[in-house]
Amino acid sequence: MSFKILLVDDDILLRELIGEFLFSGGYEVDVAENGNKAIKLFEPGKYGLALLDQDIKQISGVKLMKQLRKLDKNLFCLIMTGYSSLDKVSAAIEEGNSDLIIKPFAMPELLNILQKYV
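Just so we're aligned: 136 in this note's numbering is position 115 of the sequence shown, and the numbers increase by one with no gaps anywhere.
So this is what it looks like as structure tokens:
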């Protein structure tokens with residue numbers, strides 16, 4: 022079984038680009054365009070990692086991370102954020118259980134970060 026990732030981003034183009042890139046790298050990827058859909062897809066133990074955009078509609082990536090981590094304490098969360106929200110995201114990162122990547126990023130950079138946590 023391959024490593025499964027939950028990808029949450031409301032930007033359809035970015036979601037598809039990242040999803041296809043991860044799939045081509047051998048990862049199984051489920052995608053959601055918002056926090057509500059992500060929570061519906063989520064099952065404890067199903068995902069090894071959640072890749073969350075900080076600026077999704079309805080709920081921030083940090084709030085979604087906290088909800089998902091309540092359901093599965095072993096879930097690792099990687100939050101995608103721009104410089105404008107870097108302070109609030111970095112303050113919310115749980116030591117050892119989450120990290121962040123700053124947008125815009127190159128796909129190989131994303132892959133390097135993911136490989137640290139897989």
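Each residue gets a CB set at the ideal place from its N, CA and C atoms; glycine is no exception. All values reported here derive from a predicted model rather than from experimental measurement.
Shown here, Phe63 sits in coil according to DSSP, grouped into three states, outside any helix or strand.
Note that the stretch 85 to 96 touches the stretch 50 to 63; at least 3 beta-carbon pairs, one per stretch, sit closer than 8 angstroms. Considered as a whole, the stretch 47 to 115 harbours 56 to 62, 82 to 92, 107 to 113 as its complete alpha helix (DSSP H) runs of no fewer than 4 residues, in chain order.
Counting only residues of its own chain and dropping the five nearest sequence neighbours on each side, Gln75 has a CB closer than 7 angstroms to the CB of Ser81, Gly82, Val83, Ile100, Met101, Thr102, Ser106, Val110. Leaving aside the five residues that flank Leu92 on each side, the residues in its chain whose CB is nearer than 6 angstroms to its CB run, in chain order, Pro65. Around the beta-carbon of Ser119, 16 or more other beta-carbon atoms lie within 10 Å, marking it buried. Using a Cβ distance threshold of 7 angstroms, Leu62 and Cys98 do not count as a contacting pair.
Counting only the Cα atoms, Pro125 lies some 23 angstroms from Lys25.
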